[in-house]
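Numbering (our numbering), first residue to last: 2 to 171.
The next block holds one structure in the form of structure tokens; read it before the comments.
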């Protein structure tokens, strides 16, 4: 008589995908979006690949980030996944035209967050929790910058400095 061992959700998911926990919080971060199984273009979508690319270029020239472009294409034009229609991701399409942002989007938003917390700390000097969260945010910035330097996305001599950070996100 063998004893059956109940398995947890973590074990089931770990067989198919690797789960990355949250960096500065106890959560496991199991929530994720589910992409459709079929990777073909839906039959009801009337936009061609070139039309989608033109929309991407037009929105990028307005100053929108790749994520914002994707949301607008999804909500206004019915393009669920740009990659299924064009064969490339939004950022790759922007890079071919030279319209990609200088800083990667995740790094940009972390810097923007750090600048906002620093501004808050100037007004509220006794806010110890905000100071602690600023340290965590800047740790994430340094870690992400180190990763992007190895991938040659940012210049090897690029360095985050809190004094010049507000100029980066302005």
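Think of the CB as a built atom: it goes at the ideal place given N, C-alpha and C, for glycine as much as any other residue.
For residue i, which three-state DSSP category applies?
i, result
"residue 36", "coil"
"residue 67", "helix"
"residue 80", "coil"
"residue 61", "helix"
"residue 131", "helix"
"residue 31", "coil"
"residue 161", "coil"
"residue 26", "coil"
Using the rule of at least 16 other Cβ atoms within 10 Å of the residue's Cβ for burial, across every protein chain shown, is residue i buried or exposed?
i, result
"residue 136", "exposed"
"residue 53", "buried"
"residue 49", "exposed"
"residue 139", "buried"
"residue 151", "exposed"
"residue 71", "buried"
"residue 165", "exposed"
"residue 27", "exposed"
"residue 108", "buried"
"residue 74", "buried"
Could you pull out every residue in the same chain whose Cβ sits closer than 8 Å to the Cβ of residue i, ignoring the five residues on either side in sequence?
i, result
"residue 10", "Confidence is the limiting factor: at residue 10 the pLDDT is only 49, short of 50, which leaves the residue's position unreliable and the question unanswerable from this model."
"residue 162", "none"
"residue 42", "85, 86"
"residue 157", "150"
Take residue i and list the residues in its own chain whose beta-carbon comes closer than 7 Å to its own, dropping the five residues that flank it on each side.
i, result
"residue 113", "170"
"residue 92", "67, 101"
"residue 105", "149, 154"
"residue 143", "161"
"residue 94", "54, 57, 87"
"residue 40", "85"
If contacts are defined as beta-carbon pairs under 8 Å, then residue i and residue j qualify, I think. What distance do you get, rounded to the angstrom?
i, j, result
"residue 178", "residue 100", "This structure cannot settle anything about residue 178, because the visible part of the chain is limited to 2 through 171."
"residue 146", "residue 155", "7 Å"
"residue 134", "residue 24", "At roughly 12 Å, the Cβ-Cβ gap does not stay under 8 Å, so residue 134 and residue 24 are not in contact."
"residue 118", "residue 131", "6 Å"
"residue 79", "residue 36", "Between residue 36 and residue 79 the Cβ distance is about 16 Å, and since that is not below 8 Å, they are no contact."
Compute the minimum distance between the beta carbon of residue i and the heavy atoms of the ligand COA, and state whether it is under 8 Å.
i, result
"residue 118", "For the structure depicted, the ligand COA is absent and the ligand set is empty, with no information on it obtainable."
Excluding the five sequence neighbours on either side, which residues of its own chain have a C-beta within less than 6 Å of the C-beta of residue i, listed in chain order?
i, result
"residue 90", "84"
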